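Line by line, the protein sequences give chains A and B.
For this note's numbering, add 75 to where a residue sits in the first sequence, where the first one is 1.
For this note's numbering, add 481 to where a residue sits in the second sequence, where the first one is 1.
For every residue, glycine included, the Cβ atom is placed at its ideal position computed from N, Cα and C.
None of these values were measured; they are calculated from a predicted model.
Below is one structure; the comments refer to it alone.
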Amino acid sequence: MSRVNDFAFKIATANGTGSASANGLIMQAIFRMGVPVTGKNVFPSNIQGLPTWYEIRVNKNGYTARTPHFDLMVALNAATYPQDVAEVRPGGYLMFDSSWPLDDKLKRPDVTYLGVPLAEMCNAQFKGVRERILMKNIAYAGALAALIGMDTAIIAQLTREKYAAKQALLDSNAKAIAIGYDYARAHFECPLPIHLEKMDATRDSILIDGNTAAALGAVYAGATVGAWYPITPATSVMEAFKSFCMQFRRDPVTKQKKFAILQAEDELAALGMVVGASWAGARAFTPTAGPGISLMSEFIGLAYYAEIPAVIVDVQRTGPSTGMPTRTQQGDLLLCAYASHGDTRHICLYPADPTEAFEFAAKAFDLAERFQTPTFLVTDLDIGMNDWMVPKLQWDDSYRPDRGKVLSAEELEQAKNFWRYYDHDGDGIPQRSLPGVHPKGAFFTRGSGHNKYGAYTENAAEYQEVLDRIARKVQGATKAVPGPVIIQTPGATMGLVTVGGCHAACVEAMDLLAQEGIKVNYLRVRGFPFGDEVRQFLEQHEVNFIVEQNRDAQLRSLLMLDLGVHIERLHSVRYYAGFPMSAHHVISGVKAKLEKVA
Amino acid sequence: MTYIAKPNVHHPSLKANAIGLTRRDYEGAITTLCAGCGHDSITAAIIQAFWELSIPPHKVAKLSGIGCSSKTPAYFLLEAHGFNSVHGRMPAVATGANAANGDLIMIGVSGDGDSLSIGLGQLCHAIRRNVNMAYILENNGVYGLTKGQFSASADVGSTAKKGEANAMEPIDGVLMALTLGATFVARSFSGDKHQLVPILKAAITHKGFAFVDIISPCVTFNDHEGSTKSYAYTREHKVEVVQTDLVPIRDEITTDYAEGTVQSVMLHDGSWVKLRKIAGDYDATDRDAAYGYIRDYQKKGEVVTGLLYLSANSKDIHDQNDTVDAPLYNLPYDQLCPGNDALQKLMTQFR
Numbered sequence: 076m077s078r079v080n081d082f083a084f085k086i087a088t089a090n091g092t093g094s095a096s097a098n099g100l101i102m103q104a105i106f107r108m109g110v111p112v113t114g115k116n117v118f119p120s121n122i123q124g125l126p127t128w129y130e131i132r133v134n135k136n137g138y139t140a141r142t143p144h145f146d147l148m149v150a151l152n153a154a155t156y157p158q159d160v161a162e163v164r165p166g167g168y169l170m171f172d173s174s175w176p177l178d179d180k181l182k183r184p185d186v187t188y189l190g191v192p193l194a195e196m197c198n199a200q201f202k203g204v205r206e207r208i209l210m211k212n213i214a215y216a217g218a219l220a221a222l223i224g225m226d227t228a229i230i231a232q233l234t235r236e237k238y239a240a241k242q243a244l245l246d247s248n249a250k251a252i253a254i255g256y257d258y259a260r261a262h263f264e265c266p267l268p269i270h271l272e273k274m275d276a277t278r279d280s281i282l283i284d285g286n287t288a289a290a291l292g293a294v295y296a297g298a299t300v301g302a303w304y305p306i307t308p309a310t311s312v313m314e315a316f317k318s319f320c321m322q323f324r325r326d327p328v329t330k331q332k333k334f335a336i337l338q339a340e341d342e343l344a345a346l347g348m349v350v351g352a353s354w355a356g357a358r359a360f361t362p363t364a365g366p367g368i369s370l371m372s373e374f375i376g377l378a379y380y381a382e383i384p385a386v387i388v389d390v391q392r393t394g395p396s397t398g399m400p401t402r403t404q405q406g407d408l409l410l411c412a413y414a415s416h417g418d419t420r421h422i423c424l425y426p427a428d429p430t431e432a433f434e435f436a437a438k439a440f441d442l443a444e445r446f447q448t449p450t451f452l453v454t455d456l457d458i459g460m461n462d463w464m465v466p467k468l469q470w471d472d473s474y475r476p477d478r479g480k481v482l483s484a485e486e487l488e489q490a491k492n493f494w495r496y497y498d499h500d501g502d503g504i505p506q507r508s509l510p511g512v513h514p515k516g517a518f519f520t521r522g523s524g525h526n527k528y529g530a531y532t533e534n535a536a537e538y539q540e541v542l543d544r545i546a547r548k549v550q551g552a553t554k555a556v557p558g559p560v561i562i563q564t565p566g567a568t569m570g571l572v573t574v575g576g577c578h579a580a581c582v583e584a585m586d587l588l589a590q591e592g593i594k595v596n597y598l599r600v601r602g603f604p605f606g607d608e609v610r611q612f613l614e615q616h617e618v619n620f621i622v623e624q625n626r627d628a629q630l631r632s633l634l635m636l637d638l639g640v641h642i643e644r645l646h647s648v649r650y651y652a653g654f655p656m657s658a659h660h661v662i663s664g665v666k667a668k669l670e671k672v673a
Numbered sequence: 482m483t484y485i486a487k488p489n490v491h492h493p494s495l496k497a498n499a500i501g502l503t504r505r506d507y508e509g510a511i512t513t514l515c516a517g518c519g520h521d522s523i524t525a526a527i528i529q530a531f532w533e534l535s536i537p538p539h540k541v542a543k544l545s546g547i548g549c550s551s552k553t554p555a556y557f558l559l560e561a562h563g564f565n566s567v568h569g570r571m572p573a574v575a576t577g578a579n580a581a582n583g584d585l586i587m588i589g590v591s592g593d594g595d596s597l598s599i600g601l602g603q604l605c606h607a608i609r610r611n612v613n614m615a616y617i618l619e620n621n622g623v624y625g626l627t628k629g630q631f632s633a634s635a636d637v638g639s640t641a642k643k644g645e646a647n648a649m650e651p652i653d654g655v656l657m658a659l660t661l662g663a664t665f666v667a668r669s670f671s672g673d674k675h676q677l678v679p680i681l682k683a684a685i686t687h688k689g690f691a692f693v694d695i696i697s698p699c700v701t702f703n704d705h706e707g708s709t710k711s712y713a714y715t716r717e718h719k720v721e722v723v724q725t726d727l728v729p730i731r732d733e734i735t736t737d738y739a740e741g742t743v744q745s746v747m748l749h750d751g752s753w754v755k756l757r758k759i760a761g762d763y764d765a766t767d768r769d770a771a772y773g774y775i776r777d778y779q780k781k782g783e784v785v786t787g788l789l790y791l792s793a794n795s796k797d798i799h800d801q802n803d804t805v806d807a808p809l810y811n812l813p814y815d816q817l818c819p820g821n822d823a824l825q826k827l828m829t830q831f832r
């Protein structure tokens with residue numbers, strides 16, 4: 076079997092040693108060779124010195140899911156040697172720093188060992204501890220380039236682009252790459268059987284992470300207020316928003332900002348600021364992760380009941396509690412759908428990749444303002460922080476924000492009455508007024524019981540009338556959220572259902588299962604509340620496999636709760652240990668269920 | 482319960498302000514607080530202050546948290562948007578609203594439970610950010626709505642209605658605000674309208690976070706002997722060190738003051754705050770001296786009142802962030818969206 080442009084390798088280093096830039100360089104060089112590539116950064120919750128890995132998958136068919144099988148291990152961290160050696164696929168390769176001998180216990184007969192004396196060569200060529208460490212981590216990129224047949228001209232071009240303004244850095248990087256490259260060429264048969272050949276499959280694509288894409292979505296949607304509290308893995312959303320706003324959102328003459336970023340004292344305050352800003356009429360958002368959603372629950376309930384828009388980006392990480400902040404999971408599906416005390420139900424959007432993170436982020440503002448309610452963009456660490464190969468983002472210039480039913484000063488002037496929570500149009504969506512606009516629009520926003528006119532009430536019927544209307548309003552969002560992605564397979568009788576970033580693993584698993592004669596129809600939910608299409612799909616199949624990344628089958632619970640579909644139709648396939656879902660997990664889960672059913 | 486509409490009957494002889502409105506136009510719903518509550522006197526002073534400043538009521542946003550004090554924004558400025566938010570979190574809501582629309586004239590009303598216990602952190606950070614608002618802390622030393630528990634402002638040794646004495650050190654909002662760099666710090670008494678109204682006018686006009694702590698006795702749970710937040714105790718122990726006058730920009734300065742007895746501070750809009758010294762050695766522009774002065778009197782069991790500190794160089798949240806003058810909430814969309822051409826150019830950086 077040809078392993079050209081179809082293999083995976085993993086690089087094991089310690090964090091804070093500059094390996095991130097080498098890994099980025101390798102990814103980008105492969106991408107520029109026109110070969111589909113994805114990278115998964117497996118990093119510690121730490122700044123310097125702890126083990127970190129970077130996984131790169133090259134796949135000519137464009138499969139982007141993580142694979143747990145590695146053909147080549149670049150083992151540069153002695154602290155993790157045993158684990159790294161164990162993860163190499165039989166018949167695979169292990170490159171290590173041969174400046175020090177490798178313990179015999181780490182030798183596997185089914186693995187080819189490639190020793191490169193990186194430290195020794197870099198110590199000879201570079202001065203200073205820091206530079207020696209940094210350049211060692213560039214040198215391995217050079218060795219890899221030789222081993223897997225990367226285009227050296229592209230690497231040289233990339234380093235020139237990166238260090239255009241820093242000649243000294245450019246020189247030492249070029250030298251370090253040459254050290255590794257030349258050694259590998261001189262000592263091994265290059266390239267290895269697993270190697271790259273130029274393709275033309277990335278011309279219209281980019282490499283981008285979902286947090287950057289979501290931030291761009293917020294910029295393009297016209298968000299002006301961002302409030303946040305730093306938290307992994309959501310921090311880079313606001314950092315990217317800030318950097319794009321500094322680029323695109325400053326007055327050309329005065330350089331004054333057409334945006335406000337508020338770094339709050341905690342997540343409670345962050346959402347409070349979003350609620351205040353939205354109440355005053357701005358498009359406002361906050362990026363956070365699960366622990367932040369827990370803290371925001373009080374304000375989420377207020378925004379739901381007082382009907383104030385709010386966009387909340389939840390970049391999910393493993394829970395419960397602090398969990399593993401640098402690992403991925405889909406553990407907040409139920410939390411986001413029903414956050415806060417009392418009866419609530421929230422609009423959620425579930426992107427599968429950075430493209431959808433961009434599009435849905437913009438969409439979230441429209442939905443939040445149209446339905447006057449908190450709206451969640453539910454992504455995860457894998458989508459948010461890893462580089463994905465996706466088509467270039469596109470923006471429709473005819474787009475205009477849907478600001479919802481906000482009455483202008485003129486409309487208020489002409490209106491006979493302004494009743495804040497009155498269902499004028501029969502769609503459950505009341506009219507809004509903004510502070511400072513017109514005396515007739517004034518009313519008292521409150522989280523306490525209120526009637527349809529916006530006045531305080533403790534009257535049973537008046538209270539219930541408003542609560543029931545809000546339920547109708549949110550139900551109406553089923554038609555406005557992005558519909559499910561459905562792939563029908565001729566002859567299939569079973570359903571494969573998933574959410575978010577599991578998409579890549581599921582579509583790959585579908586193809587592989589089909590090769591074994593197991594045919595499935597596919598559905599990926601993209602918005603909550605779910606609509607009729609999702610119900611029909613589930614009811615169309617006696618057996619539906621529900622694939623997700625959490626212990627408690629939260630998507631399955633949501634499907635049952637929201638659509639009333641019977642649990643016997645919904646077979647749960649889960650992987651939730653912190654790595655992104657792989658096709659392997661889906662296939663083994665499906666097969667296990669099939670054996671059980673048989 | 483703020484649903485009782487107040488009959489809007491205008492007496493023909495009511496005096497109109499510069500924009501033709503009478504005090505009635507600044508009132509709200511009928512109060513539902515206990516008869517004699519200090520908070521109602523503060524509400525009356527707020528109404529008076531806005532009327533005297535001739536501010537169109539609908540340009541104001543009035544915000545609060547939860548508690549007796551936080552109900553009061555319903556009792557003034559019926560034509561202003563109000564926001565009764567969640568307990569202790571009004572500062573965050575106000576911060577967001579101010580960021581979105583810097584043109585709003587904002588007043589926040591809070592209590593000692595709302596501000597000094599559950600919302601202490603938010604208050605501190607709103608002070609640090611210098612959110613442009615008047616922040617009124619109606620301070621009675623107890624939780625009223627939950628019937629008489631001590632709050633964080635209760636003094637050591639002051640007793641609850643049933644006789645239990647407070648053992649913990651109080652949090653003093655004024656000292657805290659001074660420490661955190663507040664640009665406007667005042668303390669007053671709900672029973673002294675003469676002192677309170679000018680302070681409120683200056684607080685509303687001040688650009689930045691104007692912190693006004695007002696001793697406001699709780700007639701039901703904390704107005705007994707043994708309380709240090711009662712009418713009797715406060716009347717007896719309050720020491721006014723400085724008297725405030727706000728001279729709006731449009732008014733000619735006509736007041737005569739004896740030389741050396743007045744400190745003048747110009748506000749951002751060109752109006753002047755005149756501080757008439759009652760205690761001859763008090764300097765309301767010296768943060769450290771103000772702190773020491775208040776502490777010294779506290780040791781003697783006395784409460785220093787007046788506009789205690791005012792910074793002439795206040796940089797509010799918009800100055801700090803360097804935002805455009807126009808309110809962010811209604812900037813035209815074409816100024817906010819870079820468009821697809823810019824996006825395609827940007828895409829080249831991701832290859």
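Closer than 8 Å to chain B by CB, residue i
i, result
"serine 311 (chain A)", "no"
"proline 655 (chain A)", "no"
"aspartate 472 (chain A)", "yes"
"methionine 76 (chain A)", "No answer about methionine 76 (chain A) holds up, because its pLDDT of 47 lies below 50 and its placement is not dependable."
"histidine 421 (chain A)", "no"
"serine 523 (chain A)", "yes"
"tyrosine 295 (chain A)", "yes"
"methionine 321 (chain A)", "no"
Test item: CB-CB of residue i and residue j under 8 Å
i, j, result
"proline 476 (chain A)", "alanine 220 (chain A)", "no"
"aspartate 694 (chain B)", "asparagine 621 (chain B)", "no"
"methionine 614 (chain B)", "asparagine 579 (chain B)", "yes"
"leucine 282 (chain A)", "glycine 224 (chain A)", "no"
"valine 349 (chain A)", "aspartate 389 (chain A)", "no"
"threonine 299 (chain A)", "alanine 344 (chain A)", "no"
N-terminal and C-terminal residue of the alpha helix (DSSP H) that residue i is part of
i, result
"cysteine 581 (chain A)", "578-590"
"threonine 715 (chain B)", "712-718"
Contacts around residue i, its chain only, beta-carbon distance under 6 Å, and the 5 residues preceding and following it disregarded
i, result
"serine 708 (chain B)", "Ser639"
"methionine 569 (chain A)", "Val595, His616 and Val618"
"phenylalanine 433 (chain A)", "Ala288, Leu291, Gly292 and Leu468"
Run of the beta strand (DSSP E) containing residue i, from where it starts to where it stops
i, result
"glycine 422 (chain A)", "Note that residue 422 (chain A) is isoleucine in the sequence shown, not glycine. Element bounds for isoleucine 422 (chain A): 422-424."
"serine 353 (chain A)", "Here serine 353 (chain A) belongs to no beta strand (DSSP E); instead the alpha helix (DSSP H) covers 342-354."
"leucine 598 (chain A)", "595-600"
Same chain, Cβ closer than 7 Å to residue i, five either side skipped, listed in chain order
i, result
"proline 674 (chain A)", "The displayed coordinates of chain A run from 76 to 673. Any statement about residue 674 (chain A) would go beyond what the structure contains."
"leucine 630 (chain A)", "Leu408, Val574, Ile621 and Glu623"
Closer than 8 Å to chain A by CB, residue i
i, result
"phenylalanine 564 (chain B)", "yes"
"threonine 483 (chain B)", "The predicted position of threonine 483 (chain B) is uncertain, since its pLDDT is 45 and thus under 50; no value can be drawn from it."
"glutamate 560 (chain B)", "yes"
"lysine 540 (chain B)", "yes"
"arginine 504 (chain B)", "no"
"tyrosine 810 (chain B)", "yes"
"proline 651 (chain B)", "no"
> How about the segment 440-453 of chain A and the segment 554-573 of chain A: do they share at least three Cβ pairs that are nearer than 8 Å?
Replying inline: yes
> If we count Cβ pairs, one from each stretch, closer than 8 Å, do we get three or more for the segment 102-110 of chain A versus the segment 141-153 of chain A?
Replying inline: In the pairwise beta carbon analysis, the segment 102-110 of chain A is classified as not touching the segment 141-153 of chain A: fewer than three pairs are separated by under 8 Å.
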